[in-house]
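A short write-up of the structure that comes next.
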Amino acid sequence: RKEVEQDPGPFNVPEGATVAFNCTYSNSASQSFFWYRQDCRKEPKLLMSVYSSGNEDGRFTAQLNRASQYISLLIRDSKLSDSATYLCVVNEEDSSYKLIFGSGTRLLVRP
Amino acid sequence: ETGVTQTPRHLVMGMTNKKSLKCEQHLGHNAMYWYKQSAKKPLELMFVYSLEERVENNSVPSRFSPECPNSSHLFLHLHTLQPEDSALYLCASSQDRGGGPETQYFGPGTRLLVL
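Just so you know, the sequences run in chain order A and B.
Be aware that the first sequence starts at 1, since it is given in the working numbering, and climbs by one per residue.
Be aware that the second sequence starts at 1001, since it is given in the working numbering, and climbs by one per residue.
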């Protein structure tokens, strides 16, 4: 079983749509969770951290479900510029350094 | 953005060549990382340096040799690579404060092709 599992997509949605991605992780002891965004042929960039209470940043909402070991990302009112690959990232237990990356979910927002 | 820079951006090398990848961070961070990203595979952590000491070495073949001369610079020395080593090599940095994982900032990567 992969340590961090994501649906590769692509999710193809029209502008203005709401889209949600899920990610599951295998290590129940993981403590920190993130969503990164990676544009085509570019480096990953932090989109947002995911807190136990959930958090929202503008059109983006992240949720954590520890019992089921999954993390979600909701994007409301999709923009063309949201087209990218979204990487689910989980830290390895007891490590400040080791982040485990999912393979990513590709989002295509069409006009 | 020029927080983390990498050179070269593209590299083609033969299996008998020796080359080095360079990374420089301008963020005042104290931890630096090398990752490998192959097509349709997740990022794989290769090496971590914190305060110029190697703290992670993820069973990477010895044909990859990292060097961290100071907290701002990180190198990856390559020799006798294999075609399957062709990938995007990403450098990242973060500020280690001794707590949980900090945000890692990535460089643009070096796209490596081994012939």
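Note that CB positions come from ideal geometry on N, CA and C, so glycine has one too.
Taking 8 Å as the cut-off, decide whether the C-beta atoms of residue i and residue j are in contact.
{"i": "B:P1042", "j": "A:G102", "result": "yes"}
{"i": "B:Q1006", "j": "B:K1022", "result": "yes"}
{"i": "A:G104", "j": "A:T85", "result": "yes"}
{"i": "A:Q63", "j": "A:S49", "result": "no"}
{"i": "B:L1115", "j": "B:V1004", "result": "no"}
{"i": "B:S1059", "j": "B:H1077", "result": "no"}
{"i": "A:L74", "j": "A:Q38", "result": "no"}
{"i": "B:L1027", "j": "B:S1071", "result": "no"}
{"i": "A:T18", "j": "A:R76", "result": "yes"}
Excluding the five sequence neighbours on either side, which residues of its own chain have a C-beta within less than 8 Å of the C-beta of residue i, listed in chain order?
{"i": "A:N91", "result": "S30, Q31, S32, F33, K98, L99 and I100"}
{"i": "A:P111", "result": "P14, E15 and L80"}
{"i": "B:R1054", "result": "F1047, V1048, P1066 and C1068"}
{"i": "B:T1002", "result": "H1026"}
Restricting to Cα atoms, I'd like to know which of the options is closest to residue i.
{"i": "B:H1029", "options": "B:T1103, B:K1019 and B:M1013", "result": "B:T1103"}
{"i": "B:F1106", "options": "B:C1091, B:G1099 and B:L1076", "result": "B:C1091"}
{"i": "B:Q1025", "options": "B:F1075, B:P1101 and B:S1065", "result": "B:F1075"}
{"i": "A:R41", "options": "B:T1080, B:L1115, B:G1098 and B:H1010", "result": "B:H1010"}
{"i": "B:R1063", "options": "B:G1099, B:G1003, B:K1019 and B:T1002", "result": "B:K1019"}
{"i": "A:Q69", "options": "A:R76, A:E43, A:S26 and A:F60", "result": "A:S26"}
{"i": "B:R1111", "options": "A:E43, A:F60 and A:N65", "result": "A:E43"}
{"i": "B:M1015", "options": "B:R1054, B:C1068, B:T1080 and B:E1052", "result": "B:T1080"}
{"i": "A:F60", "options": "A:A67, A:F21 and A:D7", "result": "A:F21"}
{"i": "A:A67", "options": "A:A17, A:E56, A:S28 and A:K45", "result": "A:S28"}
{"i": "A:D7", "options": "B:R1054, B:Y1035 and B:K1040", "result": "B:K1040"}
{"i": "B:Y1089", "options": "B:N1017, B:P1108 and B:G1098", "result": "B:P1108"}
Leaving aside the five residues before and after residue i along the sequence, list all residues of the same chain whose C-beta is less than 6 Å from its C-beta, in chain order.
{"i": "A:E5", "result": "T24"}
{"i": "A:Y51", "result": "none"}
{"i": "B:S1050", "result": "A1031 and D1096"}
{"i": "A:L108", "result": "P10, N12 and S83"}
{"i": "A:K2", "result": "none"}
{"i": "B:C1128", "result": "Residue 1128 of chain B is absent from the structure shown; chain B starts at 1001 and stops at 1115."}
{"i": "B:Y1033", "result": "V1048 and A1092"}
{"i": "A:V89", "result": "F34, Y36, L99 and F101"}
Short of 7 Å in beta carbon distance, which residues of its chain neighbour residue i, apart from the five on each side in sequence? Order them along the chain.
{"i": "B:E1056", "result": "L1045, F1047 and V1048"}
{"i": "B:P1008", "result": "T1110"}
{"i": "A:Y46", "result": "First, the amino acid is wrong: residue 46 of chain A is Leu here, not Tyr. Within the same chain, A:L46 has close Cβ partners F34 and Y36."}
Quiz prompt | Meets three-Cβ-pair contact criterion under 8 Å: the segment 67–80 of chain A and the segment 1067–1086 of chain B | solution = no
Quiz item: Which runs of the beta strand (DSSP E) spanning at least 3 residues fall entirely within the segment 1014–1089 of chain B, listed in chain order?
Solution: 1018–1025, 1031–1037, 1044–1050, 1053–1057, 1064–1070 and 1073–1079
Practice problem: Mind checking the segment 1055–1087 of chain B against chain C and listing, in chain order, the residues whose C-beta falls within less than 7 Å of any C-beta there? | Solution: No chain C appears in the structure shown, which is made up of the protein chains A and B.
Quiz item: Where in the segment 45–111 of chain A do unbroken runs of the beta strand (DSSP E), each at least 3 residues long, occur, reported from the N-terminal end onward?
Solution: 55–57, 60–65, 70–75, 84–91, 99–101 and 105–110
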